[in-house]
Amino acid sequence: MFNSPLPAIEAHGLTKRFGDFTAVDSLDLRVETGTVVSLLGPNGAGKTTMVRMLATLLRPDAGRASIAGHDVVDEPDEVRRLISLTGQFAALDKNLTARENIVLMARLRGRSARAAREVADELIERFNVGEFRDRLVKNLSGGERRRVDLAAGLIDRPHLLVLDEPTTGLDPRSRQVVWSTIRSLVADGVTLLLTTQYLEEADALADRIVLIDHGREIAAGTPAQLKAQVGQQRVDVVAADGAGFERLTARLAERFAITALPEQRTVSIAAPDDVADLRRVAAAVQDSGIEVDEIALRRPTLDDAFIALTGEPPEGVPDREPEEVAA
Amino acid sequence: MSAGTSTTAPGRGFVGPVSYLRNTALLTERSLRAIPRVPERLLDVTIQPIVFILLFLYVFGSAIHIPGISYKDYLFPGIIGQSLAFNAIGAGVATANDITEGVVDRFRSLPINRLSIISAQVMGQFCEALLGMVIVVVFGLLLGWTPHLTLVHAFELGGLMLLAMLAFVWAGVLFGMLVRSPDAMQGIGFIVVFPLSFMAGTFVPISGMAAVPRTIAQWDPIAALVASVRGLTQGVHSSGSWQLDHPEVAMALWCLLIIAICVPLALRRFNNTLAG
Chain A
1 MFNSPLPAIE
11 AHGLTKRFGD
21 FTAVDSLDLR
31 VETGTVVSLL
41 GPNGAGKTTM
51 VRMLATLLRP
61 DAGRASIAGH
71 DVVDEPDEVR
81 RLISLTGQFA
91 ALDKNLTARE
101 NIVLMARLRG
111 RSARAAREVA
121 DELIERFNVG
131 EFRDRLVKNL
141 SGGERRRVDL
151 AAGLIDRPHL
161 LVLDEPTTGL
171 DPRSRQVVWS
181 TIRSLVADGV
191 TLLLTTQYLE
201 EADALADRIV
211 LIDHGREIAA
221 GTPAQLKAQV
231 GQQRVDVVAA
241 DGAGFERLTA
251 RLAERFAITA
261 LPEQRTVSIA
271 APDDVADLRR
281 VAAAVQDSGI
291 EVDEIALRRP
301 TLDDAFIALT
311 GEPPEGVPDR
321 EPEEVAA
Chain B
1001 MSAGTSTTAP
1011 GRGFVGPVSY
1021 LRNTALLTER
1031 SLRAIPRVPE
1041 RLLDVTIQPI
1051 VFILLFLYVF
1061 GSAIHIPGIS
1071 YKDYLFPGII
1081 GQSLAFNAIG
1091 AGVATANDIT
1101 EGVVDRFRSL
1111 PINRLSIISA
1121 QVMGQFCEAL
1131 LGMVIVVVFG
1141 LLLGWTPHLT
1151 LVHAFELGGL
1161 MLLAMLAFVW
1171 AGVLFGMLVR
1181 SPDAMQGIGF
1191 IVVFPLSFMA
1201 GTFVPISGMA
1211 AVPRTIAQWD
1221 PIAALVASVR
1231 GLTQGVHSSG
1241 SWQLDHPEVA
1251 MALWCLLIIA
1261 ICVPLALRRF
1271 NNTLAG
């Protein structure tokens, strides 16, 4: 693999307003070919609006964006040939079967009926859709739909794959399945723009994370850089009662750098070594014989990231973007 | 992997007229496949007219006497005219549904002519309208409706009905895109199309109505549909306004007017507002 001289995405000052509401506010974004970049932010941060502008579904009010050098406003046909978008709300026809959906996408991408069936069967194999290939999409679970959705988005190997919140609303097991699917795509060298609300997901999949809120960039960097800013994961030990908490604080302070939170009867310990630290703390608690309610490894969440980077939690904003005001 | 456009195999030719027709056909087929799988979608255009037929024929009908014609033969052309207009509601609800589903966004992100997406929407709704109409007509014939059609009138009626379906489906597609919520679309149907279809001389003669509904009916496009169907199938002519004196011409003009207004607006809406 080699780096293309043209970035897969290059956006400068991209802006979109819906009436008085500025969904995306002068955002810059650069995604090198062959890399995975995650747009991370809470609901309503402007992720979907950004994606829709890049995918030629929304016209920016200001700024420019190009996909592999093709401007999204001036050369939309070129851009549509280069990208594949799978949307936040599994964009499949729910009255078609899984296979019919994939065949339809293949045909709309110019395959003959026969070639479309062939490519569909390949994708069905690759994405483990076989089990439910002939079930109507409306009868599939969220995780199953996502797999069909991904398969339908990969008829032609896209120059840029855009996944808008691929695991929102999925149970943890389905999320793992989708992640492993995405990982295998990434291993193949697909250039990927991934939007998500989960810090964990961006951390697991992306080379670079752009944290956004209110349509603006809050922070950007590799997952390691961002996590260094956000703070480590920690092990929290919750004592069963007040007296236990005192003794626990004393005992654990001998061995670890602790933060005591008396109101929650919690002793919190930095855990840079992840599960290894959890084991050490659990062993120390066990040795002490003090009764505890809970010992848990806490990973930093999106909320923690926002508090660390902006000093305030992300604001609650409406789930769906407001409808565009007709001209 | 190599850079640039070479990674997406098929080259140009996605947006030309041949691919427009091809993609329209593919997307229409997608809509039609839903009919046997979601038969309740056909209920809009079949059960409603059938309920009206049964209600008016067997519940209210005995109280309605139209000189020179049996109520059955008076009623069926009315139901057909009303059903033509109801297609707008069905098409609107289906369009609002489709647009909120996100699958339309996916089609729009493909390198295909966007006109084929909306053409297919209209074609699919048109086929549903046609199927619904066939069911209503067959039901009517089974219940003993006896149209008296010459061959020429049959062709004229068929042509007018197809034109009306096309016009009202386009209107529905436009409103479905403007409203974007299936429930709101149903609401508009009840508030606008329902009363207009009742005032159109569908069930009782316009001449007996109070002044306000009578005046509305004289210029109600649905009244032109009803009067045309009734005139061509039963030889019963209405009068009271220019459009009722010349219902076939009026019906054609109304339909062309609706098409002339709704098609460009719908295309603009599809390309601009949804596309941003």
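If you read the sequences in order, they're chains A and B. Counting in our numbering, the first sequence runs from 1 upward without gaps. Counting in our numbering, the second sequence runs from 1001 upward without gaps. Built from N, CA and C at the ideal position, the CB exists for glycine as well. Here the structure is a predicted model, which means the values were calculated and not measured.
Please work out which residues of its chain come closer than 7 Å, Cβ to Cβ, to residue i, disregarding the five sequence neighbours upstream and downstream, and give them in chain order.
{"i": "His1153/B", "result": "Leu1232"}
{"i": "Ala240/A", "result": "Glu291, Val292 and Asp293"}
{"i": "Ala270/A", "result": "Gln232, Arg234 and Ala257"}
{"i": "Val1204/B", "result": "Ile1064"}
{"i": "Asp71/A", "result": "Arg64"}
{"i": "Leu58/A", "result": "Lys16, Thr49 and Arg52"}
{"i": "Leu154/A", "result": "Ser84 and Leu123"}
{"i": "Gly1144/B", "result": "Lys1072"}
{"i": "Arg1114/B", "result": "Arg1108, Phe1270 and Asn1271"}
In the DSSP assignment, what are the bridge partners of residue i?
{"i": "Leu27/A", "result": "Leu14/A"}
{"i": "Arg208/A", "result": "Val37/A"}
{"i": "Arg234/A", "result": "Ala270/A and Arg298/A"}
{"i": "Thr86/A", "result": "Leu163/A"}
{"i": "Ile328/A", "result": "For residue 328/A there is no data in the structure shown, the boundaries of chain A being 1 and 327."}
{"i": "Thr97/A", "result": "Leu136/A"}
So which of the options has the shortest CA-CA distance to residue i?
{"i": "Gly1092/B", "options": "Gly1189/B, Asp1105/B, Val1226/B and Gly1208/B", "result": "Gly1189/B"}
{"i": "Ser1116/B", "options": "Leu1162/B, Ile1222/B, Leu1021/B and Leu1131/B", "result": "Leu1021/B"}
{"i": "Ile1259/B", "options": "Leu1157/B, Phe1194/B and Ala1088/B", "result": "Ala1088/B"}
{"i": "Thr196/A", "options": "Glu125/A, Gly44/A, Val281/A and Arg157/A", "result": "Gly44/A"}
{"i": "Thr86/A", "options": "Gln176/A, Thr222/A and Val162/A", "result": "Val162/A"}
{"i": "Arg1214/B", "options": "Gly1240/B, Glu1101/B, Ser1083/B and Ala1227/B", "result": "Gly1240/B"}
{"i": "Phe1270/B", "options": "Leu1174/B, Val1226/B and Ser1181/B", "result": "Leu1174/B"}
{"i": "Pro158/A", "options": "Gly143/A, Arg109/A and Leu211/A", "result": "Arg109/A"}
{"i": "Lys329/A", "options": "Asp213/A, Leu309/A and Thr310/A", "result": "Beyond the ends of chain A as shown, which are 1 and 327, falls residue 329/A; an answer cannot be given."}
{"i": "Leu170/A", "options": "Tyr198/A, Ala11/A and Asp188/A", "result": "Tyr198/A"}
{"i": "Ala206/A", "options": "Arg173/A, Val31/A, Thr22/A and Pro7/A", "result": "Val31/A"}
Using a Cβ-Cβ cutoff of less than 6 Å, which residues in the same chain neighbour residue i once the five nearest sequence positions on both sides are dropped?
{"i": "Asp236/A", "result": "Thr266, Ser268, Ala296 and Arg298"}
{"i": "Arg216/A", "result": "Asp25"}
{"i": "Gly1276/B", "result": "Residue placement at Gly1276/B is flagged as unreliable, the pLDDT there being 38, under the threshold of 50; the coordinate-derived value follows with that caveat. Cβ within range, chain order: n/a, list empty."}
{"i": "Ser288/A", "result": "Arg251"}
{"i": "Pro1247/B", "result": "Ala1224, Ala1227, Ser1228 and Gly1231"}
{"i": "Leu1196/B", "result": "Asp1220 and Ile1222"}
{"i": "Thr249/A", "result": "Ala260 and Val267"}
{"i": "Arg133/A", "result": "Ala98, Arg99 and Ile124"}
Hey, could you find the ends of the alpha helix (DSSP H) residue i is sitting in?
{"i": "Thr301/A", "result": "Counting along the chain, Thr301/A falls outside any alpha helix (DSSP H), and DSSP gives it neither H nor E."}
{"i": "Arg64/A", "result": "First-last for Arg64/A: Ala62 to Ile67, but that is the beta strand (DSSP E), not the alpha helix (DSSP H)."}
{"i": "Ile971/B", "result": "Nothing about residue 971/B can be reported from this structure: the residues present for chain B run from 1001 to 1276 only."}
{"i": "Met1161/B", "result": "Leu1151 to Val1179"}
{"i": "Asn1271/B", "result": "It is not in any alpha helix (DSSP H) - Asn1271/B carries neither H nor E in the DSSP assignment."}
{"i": "Met50/A", "result": "Lys47 to Leu54"}
{"i": "Pro1221/B", "result": "Pro1221 to Gln1234"}
{"i": "Asn1087/B", "result": "Tyr1071 to Thr1100"}
{"i": "Arg1214/B", "result": "Ala1211 to Gln1218"}
{"i": "Val281/A", "result": "Val275 to Ser288"}
{"i": "Trp1242/B", "result": "Trp1242 to Asp1245"}
{"i": "Thr181/A", "result": "Pro172 to Ala187"}
Going by other Cβ atoms of all chains shown within 10 Å of its Cβ, with 16 needed for buried, is residue i buried or exposed?
{"i": "Tyr1074/B", "result": "buried"}
{"i": "Phe1126/B", "result": "buried"}
{"i": "Ser1207/B", "result": "exposed"}
{"i": "Val36/A", "result": "buried"}
{"i": "Gln286/A", "result": "exposed"}
{"i": "Ile1047/B", "result": "exposed"}
{"i": "Phe1155/B", "result": "exposed"}
{"i": "Ala120/A", "result": "buried"}
{"i": "Met1119/B", "result": "Checking the displayed sequence, the identity of residue 1119/B turns out to be Ser instead of Met. Buried, since its Cβ has 16 or more Cβ neighbours within 10 Å."}
{"i": "Ala1210/B", "result": "exposed"}
{"i": "Ile1191/B", "result": "exposed"}
{"i": "Asn139/A", "result": "exposed"}
{"i": "Phe127/A", "result": "buried"}
{"i": "Glu131/A", "result": "exposed"}
Quick check on the DSSP output: the beta strand (DSSP E) that includes residue i runs from which residue to which?
{"i": "Gly221/A", "result": "Arg216 to Gly221"}
{"i": "Ser268/A", "result": "Thr266 to Ala270"}
{"i": "Ser1109/B", "result": "No beta strand (DSSP E) holds Ser1109/B; DSSP gives it neither H nor E."}
{"i": "Ser1031/B", "result": "Taken as a continuous stretch (DSSP letters only), Ser1031/B belongs to no beta strand (DSSP E), being part of the alpha helix (DSSP H) at Pro1017 to Arg1037."}
{"i": "Leu193/A", "result": "Leu192 to Thr196"}
{"i": "Ile258/A", "result": "Ile258 to Leu261"}
Is the closest heavy atom of the ligand GTP to the C-beta of residue i under 7 Å?
{"i": "Arg1114/B", "result": "The ligand GTP is absent from the structure shown, which contains no ligand whatsoever."}
In chain order, what residues of the same chain lie with their CB nearer than 8 Å to the CB of residue i, ignoring the 5 residues before and after it?
{"i": "Leu1166/B", "result": "Val1122, Phe1126, Cys1255 and Ile1259"}
{"i": "Leu1252/B", "result": "The sequence shown places Ala at residue 1252/B, rather than the Leu named in the question. Taken in chain order, the residues that qualify are Leu1160 and Leu1163."}
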